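First up is the structure itself, then whatever we jot down about it.
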Amino acid sequence: MTKRPAIPKAKVTSETSEEEAFQNTVVRPVIKMKHDLLIACTKRYIATKKPDFSLLNTEKKLHYVNSCFEQDHALRSELRGVIIGQFTLQEYERYSAMSNAINKRIVNIIKERMLDHLKFLSN
């Protein structure tokens with residue numbers, strides 16, 4: 000099993016909310032560890048839904064990826080599953096207590112990551 004990378008900026012203080020602490024100590028390292036798989040899943044999704052994606056200009060690509068994350072429940076569920084599947088039992092139990100908030104955070108982080116790595120989705 001691949002070891003989760005450390006996230007140097009992931010500071011947790013006594014004033015950090017439980018959701019933010021979980022995001023910074025669990026979710027972000029898992030997303031970083033699974034980056035290549037998240038790219039591959041998103042790329043496959045785009046290839047099946049928008050075969051001419053690589054022909055779009057950057058602005059239209061950004062808009063398309065953004066709208067996919069906003070409108071497609073199946074894509075969001077698949078990508079969340081990639082992340083949640085890496086949780087330990089204890090992490091999953093913590094996640095379950097605040098799943099709505101964490102799900103939104105997971106999707107937003109992945110969406111931003113995909114938008115930042117747009118060039119990898121066009122190949």
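Here the sequence shown stands for residues 0 to 122, where the numbers follow numbering that gives the first Met the number 0. Just so you know, even glycine gets a beta-carbon here, dropped at the ideal spot from N, CA and C. Note that the structure is predicted; figures quoted are calculated from it, not measured.
Extent of the continuous alpha helix (DSSP H) run through residue i
| i | result |
| --- | --- |
| R79 | 72-83 |
| M32 | 27-32 |
Cβ-Cβ distance between residue i and residue j below 9 Å
| i | j | result |
| --- | --- | --- |
| M32 | P4 | yes |
| Y91 | I83 | yes |
| R75 | F68 | yes |
| I6 | F119 | no |
| K60 | S121 | yes |
Rounded straight-line distance, which links the Cα of residue j to that of residue i
| i | j | result |
| --- | --- | --- |
| R104 | V25 | 12 Å |
| H72 | K110 | 13 Å |
| N102 | T15 | 18 Å |
| F52 | S13 | 45 Å |
| Q22 | Q70 | 23 Å |
| A20 | R27 | 10 Å |
| Y63 | I45 | 9 Å |
| N107 | A100 | 11 Å |
| L55 | M97 | 38 Å |
Where residue i falls: helix, strand or coil (DSSP)
| i | result |
| --- | --- |
| L117 | helix |
| S16 | coil |
| I6 | coil |
| P50 | coil |
| F68 | helix |
| L37 | helix |
| N56 | coil |
| S24 | In the sequence as presented, Ser is not what sits at residue 24; that position holds Thr. T24 falls in the helix class under three-state DSSP. |
From the options, residue whose alpha carbon lies closest to that of residue i
| i | options | result |
| --- | --- | --- |
| K2 | Y44, V29, Y94, K42 | V29 |
| M113 | R43, E17, E18 | R43 |
| L208 | E18, Q85, L55 | No answer is possible for residue 208: it lies beyond the span of the chain, which begins at 0 and ends at 122. |
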